[in-house]
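K.L.:
Protein chains in written order, with my numbering: chain R, 543 to 1027; chain L, 543 to 1027.
1) Can you confirm whether residue 953/L, when its beta carbon is compared against all beta carbons of chain R, has any partner nearer than 9 angstroms?
2) What residue range is occupied by the uninterrupted beta strand (DSSP E) comprising residue 848/R?
3) Buried or exposed: residue 662/L, going by 16 or more other Cβ atoms within 10 Å of its Cβ?
4) Would residue 875/R and residue 912/R qualify as a contact pair, given that the criterion is a beta-carbon distance under 9 angstroms?
5) Note down the Cα distance separating residue 970/R from residue 948/R, rounded to an integer number of angstroms.
6) Mind pulling the chain L residues with CB within less than 8 angstroms of residue 645/R?
7) Taking 9 angstroms as the threshold (beta carbon to beta carbon), is residue 985/R in contact with chain L?
8) In three-state DSSP terms, what is residue 1020/L?
9) Leaving aside the five residues before and after residue 953/L along the sequence, list all residues of the same chain whose C-beta is less than 8 angstroms from its C-beta, in chain order.
10) In the DSSP output, what is residue 795/R paired with across the bridge?
11) Going along the chain, which residues of its own chain have a beta-carbon closer than 7 angstroms to the beta-carbon of residue 694/L, five neighbours each way excluded?
12) Give me the subset of the stretch 966-979 of chain L whose CB atoms are less than 9 angstroms from a CB atom of chain R, sorted by chain position.
13) Output the boundary residues of the alpha helix (DSSP H) element that contains residue 940/R.
14) Can you tell me whether residue 567/R is buried or exposed? The criterion is at least 16 other CB atoms within 10 Å of its CB, across all chains shown.
15) Quick one: which residues of the stretch 889-922 of chain R get their C-beta closer than 9 angstroms to a C-beta of chain L? List them in chain order.
16) Measuring CB to CB, does residue 817/R end up less than 9 angstroms from residue 810/R?
17) Between the C-alpha atoms of residue 854/R and residue 561/R, what's the straight-line distance to the nearest angstrom?
18) Would residue 710/R be called buried (16 or more neighbouring beta carbons within 10 Å of its own) or exposed?
19) By Cβ distance below 6 angstroms, which residues in the same chain neighbour residue 556/R in space, the five residues on each side in sequence not counted?
20) Under three-state DSSP, which class holds residue 561/R?
21) Starting from residue 669/L, follow its DSSP beta bridges and name the residues at the other end.
22) Would a check of beta-carbon distances place residue 869/R closer than 9 angstroms to chain L?
23) Beta-carbon of residue 811/R versus every beta-carbon of chain L: anything under 9 angstroms?
24) Out of 1001/L, 962/L, 964/L and 700/L, which one is the CA nearest neighbour of residue 981/L?
25) At what residue ranges does the stretch 601-635 of chain R contain a whole run of the beta strand (DSSP E), taking only runs of 3 or more?
26) Give the single residue among 641/L, 577/L and 585/L whose Cα lies nearest to the Cα of residue 754/L.
27) Should residue 975/L go down as buried or exposed, given a rule of 16 or more other Cβ atoms within 10 Å for buried?
28) Just to confirm, is the Cβ distance from residue 731/L to residue 739/R under 9 angstroms?
29) Where does residue 654/R fall in DSSP's three states?
30) Between residue 792/L and chain R, is the shortest Cβ-Cβ distance under 9 angstroms, so that the two count as touching?
31) When the cut-off is 9 angstroms and only beta carbons count, does residue 731/L lie next to chain R?
32) Assuming residue 710/R is part of the beta strand (DSSP E), what are its boundary residues?
33) Where does the unbroken beta strand (DSSP E) through residue 912/R begin, and where does it stop?
34) Using a Cβ cut-off of 9 angstroms, pull out every chain R residue sitting near residue 754/L, in sequence order please.
35) Just grab the DSSP bridge partners of residue 719/R for me.
36) Show which residues of chain L have a CB atom less than 8 angstroms away from the CB atom of residue 832/R.
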């Protein structure tokens, strides 16, 4: 069946305006947040219900056409990059909060519901939805599920996978199944966990049951300025080692502070080579006790100025610098790559030094803004695409940073996902047998390989084969530091 | 290949004394903690290393002989029940703590390591292993992984799945693969989560990386006596609704208090129709503040006496009654069934009343001891096997309790697993399509169906088939209360 025939069928099953085939309209969807990868889909479907999502998937499965699900399109690893001969299923029309049960600490929402909206509707009941990607004002819960989205407060509260207890999913066959439920655990295999973070390769979520978190009694935010990232990194380790689990510990280096100042005049202490933003939340008594300790540990590790937000306005001002940092880098560089990798917290100073060495040796500037508490780096590699060779050098440095993350026993992605961007790095972390085992599960769900092909795995596997034996040492063992965390 | 030939091969690959075929020796392994199901295995293998586990599995796979993994054999749902024509792989010889890295909050252990041992070796560094099944002095980490074991303190700290970050696993093909790692999240599918709780049907864990938890600064334990379970249930709901998350909230009813008194003289308040044990842990400041609130809420909900443990001895005394309760029931009844089900916390008083009605109408006594905080019931259904008809009536009541759990939107198991005992209940919670989706994953790992066959799923599936479409409403929707939690 050609795409034209598929369009006719889908227009009959839904309404004509829910099926786009006009080239100009299709171009709207040619990329997600990883904007330097662009593919125009053959058809865009805009279902309004789970049944319509299932109908679209079933139609694709019936004729062997690939399909890609997309929420708000804010992903940073190209997980929602369309397939040129495929259907893009946009779930943003499924945007109802189906039920809100604060007494049970649960909400059931459709996948197109915006992350922040869950917190907004829960607020009057004293609850919120904890995972807070920086795109939380526009990103969708469905996309969060696909990428197992994180955020600044995931240090204390965990990632999306820790806050989703149930899903309704359209499998690549077009079946509607339920994974998990409202209870914390269900009998049988935990396919819910496998689905969260599977980047659209196991099916399309059509209903998401999320855990609501009680709004903390108190939130206190502290900004500590250091002469350099070594000291700020040491302070971070000391805070965690003391048994304090802050809601967030964010670090910015000199270059990112400069960018944030230029953009939003956040007034961070002059001369700071690094700042830490430490946020504590919880019962007032606990927060007060921990706050003393955090201040003391910052001072002991070389903080030359410490500020405490006296009210919500001051708190917002402290956060404004951090939250604007990515966009602000545009003030000091026409182009940049946002990298995402993880290292053991204790290796922070050393890895930051090595990033600096690599960047210097290639004549490239790197601004570091990151979730220090869980070692999740977000180096911004700056370049000017108009200057010949700069983009290539930036890409070299960006790749070298990921190599460093692996060398120190970390991971190629902390919260942005593998998508198309990092599929080629997967063999650095996993053996062929490891990857084959994952792909066996993919084959179980999607033997035709139609659900978001080309994402996560560097090489698709033919689903009839059985895996071969592993030969040689595990890639994570070769480095000798596989278990640093 | 006959079992005899398999024995010859395995004796050559390991040492002769690692392979048991003598009937008397085999009978030692005929059951796990679900002692009324007994099957003598055809062969018992006692590997000492991961390579030996892989060799045994590969030998079984090569000749199509089923295999069952067993840790300490303390499971309560028959998950480690042997297969009469199969090999039982006992992992208790793999009992080394391979690495202990308190600064990284991780330990790497072999599957035969005893649960409590992880806490014992971590204690001097200020850490412990949080999941605490009541069998923690003898149960193995490998068995905990297979059954996703829980315990009294899982209300606050979560189940095994929340404390395992990495596994080395022998797949049913005999391959060694790594799932997860030391980091909190890894790229690709979360097969780690699917493996934990898969009851030995996806392979055998040979190395487990666990998260260590910091020992709390303070632990305070309170015993509150009520006239009945209605009041104790209401107090439980009130505590959780107030935003307090105790380390544990345990409830015992009159009959279980009677049994515990007879066995260990724990001295609970006379005339109590129910007691709550509430334990708070954390920073001293937080615990002190929350303790006031918990006491007040117990009083407000009808506690007629409240005791606070003044020191560790008093704390142990309070817990002794609770911890002895299962065994103590032997003092008041020659036989009993330990049931395990989950209901929404808010439904506790109503479900307890209905359990009482069902039990009375069948002339059966039921003692209730349970993790009230997460609605995880452990009704002990008493009978005397010597009295004709009593066992059958007890089984009827035990089954009716599970029916009630499902009716109220709960689950057929909270922490004991499905095993052989509850496989026939699975279609009450899942559609054919839901179960088929799980079994597709099983087929991906184990197309020959050799890994612990007969557990979890009521009907094995032929691995060549694709699943059919779901027809009719989802079983959890028929009740109209699918989303109570």
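Where is the CB? At the ideal position from N, CA and C, for every residue including glycine.
Note that this is a predicted model, so its numbers are computed, not measured.
P.N.:
Concretely, from the data shown:
1) yes
2) 847-850 is the span of the beta strand (DSSP E), which, as asked, contains residue 848/R.
3) exposed
4) Contact flag unset, no.
5) 8 angstroms
6) 783 and 888
7) For residue 985/R, the nearest beta carbon of chain L is closer than 9 angstroms to its own beta carbon.
8) Per-residue confidence for residue 1020/L stands at a pLDDT of 48, beneath the threshold of 50, marking its modelled position as unreliable; the derived number appears in the next sentence. Three-state result, residue 1020/L: helix.
9) Around residue 953/L, the same chain offers 883, 884, 947 and 971 as residues with beta carbons nearer than 8 angstroms, after the five sequence neighbours per side are excluded.
10) 816/R
11) 674, 790, 792 and 913
12) 967, 968, 971, 972, 973, 975, 976, 977, 978 and 979
13) 932-949
14) exposed
15) Those would be 916 and 917, in chain order.
16) yes
17) 46 angstroms
18) buried
19) 594
20) strand
21) 756/L
22) Not flagged as an interface residue toward chain L: residue 869/R, since no C-beta distance is shorter than 9 angstroms.
23) no
24) Residue 981/L has its Cα closest to that of 1001/L, out of 1001/L, 962/L, 964/L and 700/L.
25) 609-612 and 629-632
26) 641/L
27) Taking all protein chains in view, the Cβ of residue 975/L is crowded by 16 or more other Cβ atoms within 10 Å, so the residue is classified as buried.
28) yes
29) coil
30) no
31) Chain R has a Cβ within less than 9 angstroms of the Cβ of residue 731/L.
32) 706-712
33) 908-913
34) Within 9 angstroms Cβ-Cβ: nothing; residue 754/L doesn't reach chain R, min ~12 angstroms.
35) 711/R
36) 825
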